[in-house]
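Notes for the one structure printed next.
In this note's numbering, the protein residues as written are 1492 to 1658.
What follows is the structure in structure tokens.
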């Protein structure tokens, strides 16, 4: 999921990839586990272990990618079709969090050093998911959900700031 997620902005500026991404969302939804996990690859032809199956930045494609698709193409059908999948994924992240922080995943794995704490990148993905779910809920006319997700994002931000920022 990483490549499709990280490259969306660049690719969508040069090509019409709306149909490709709609198919990609079907694959993610079909690969989603009953506990809400969206595996790092979809379709999941091979089952990897640990962070290579469950990284919050990669699985978050089901939420963040849907929002990008909407922003680029105005695609509300994808938002409404996969809204329950997005909710299940965010609930999965909530179940993995402790004090509104996530401390698992691949982290800042592109660096040569491990200077960035693992929880920074994972919790940031979790935060973005909550923010974007609030926006998606607003677009879909679900104000109660929007408030719930906005509140969750504020709680995540407060926990993140307390843990990783210094006055």
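Glycine is no exception: its CB is placed at the ideal position from the N, C-alpha and C atoms.
- Ranked by Cα distance from residue 1494, the first of 1620, 1649, 1583, 1533 is 1533.
- Secondary structure note for residue 1498: it is in no alpha helix (DSSP H), with a DSSP letter that is neither H nor E.
- The secondary-structure analysis by DSSP pairs residue 1589 across a beta bridge with 1592.
- In this structure, residue 1531 keeps its C-beta atom at 8 Å or more from the C-beta atom of residue 1593.
- Per DSSP, residue 1538 lies in no alpha helix (DSSP H) and is assigned neither H nor E.
- If the five residues before and after residue 1599 are omitted, its C-beta is found closer than 6 Å to the C-beta atoms of 1607, 1612, all from its own chain and listed in chain order.
- Rounded to the nearest whole angstrom, the C-alpha separation of residue 1631 and residue 1562 is 14 Å.
- Beta-carbon to beta-carbon, residue 1551 and residue 1620 are separated by about 5 Å, close enough to satisfy the 8 Å threshold.
- Annotated as distal: residue 1636 and residue 1597, with beta-carbon spacing of 8 Å or more.
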